[in-house]
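What follows is one structure encoded as structure tokens, with my remarks underneath.
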Amino acid sequence: MSAIRQTIDVDRSPEDVYAYVMDAPRLPEWQLSAVSAERLDEGPFGVGSRVRVTRHVGRRTMPMTLEVTEYDPPHSWGMKGIDGPVRARVHGEVAPFDDGRRSHVTIEVDFEGHGMGKILVPLIVRPQVRKELPRNEQLLKDRLEHLGE
């Protein structure tokens, strides 16, 4: 199956968007299924950094660890799940427009199932994410455009 991809325009600079998206504890502010998120390591954030995200998947709550695979502020990022039955692969891009005052934000997500995850991915995870990703991007836009008001 192909990745789930969604794009939205945000009235904030790429630097603002990127900083917000990469701030792990803020994930539950704009991702509906995220219950909590925290960095697992110290030091500068970048390739190899790890984040623990706990999500609602169907009726269950599942913790998962993501590792940063790409980190190019303020342009793009990538993460991959490294444990659990459902492992996400996420790629994000932030492209400036309107003289850098606004941003096109594209998020692409795909999944790999392990064990029971092979059943969860097509039956529960993909349908949930197809529905949730546009709403998440709208939440991201709303939060960023009203941040500091």
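For what it's worth, my numbering labels the leading residue of the sequence shown as 2, then goes sequentially. Just so you know, even glycine gets a beta-carbon here, dropped at the ideal spot from N, CA and C. Since the structure is predicted, the reported quantities are computational estimates derived from the model, not experimental observations.
Glu-43 and Leu-67 have their C-alpha atoms spaced approximately 15 Å apart. Secondary structure at Ile-5: strand, using DSSP grouped into helix, strand and coil. Between Leu-145 and Val-54 a beta carbon distance of about 20 Å is seen, past the 8 Å cut, so the two are scored as non-contacting.
Closest by C-alpha distance to Arg-6, out of Gly-79, Ile-108 and Lys-142, is Ile-108. DSSP, read as helix, strand or coil, puts Gly-49 in coil.
The beta carbon of Gly-59 sits closer than 6 Å to the beta carbons of Ile-125 from its chain, once the five residues preceding and following it are set aside; these are given in chain order. In the structure shown, Glu-138 adopts helical secondary structure according to DSSP, grouped into three states. The beta carbon of Leu-41 sits closer than 6 Å to those of Arg-51 and Arg-53, all from its chain and outside the five residues before and after it, given in chain order. When DSSP states are grouped into helix, strand and coil, Leu-28 belongs to the helix group. Sixteen is the threshold: when 16 or more other Cβ atoms of the shown chains lie within 10 Å of the Cβ of Phe-112, as they do, the residue is buried. Under DSSP, no beta-bridge partner is assigned to Asp-143. Sorting Gly-118, Arg-103, Pro-135 and His-105 by C-alpha distance to the C-alpha of Gly-82 places Gly-118 at the top.
With fewer than 16 other beta carbons inside 10 angstroms of its own, Arg-61 counts as exposed.
In the DSSP assignment, Asp-73 falls outside any alpha helix (DSSP H) and lies within the beta strand (DSSP E) extending over 61–73.
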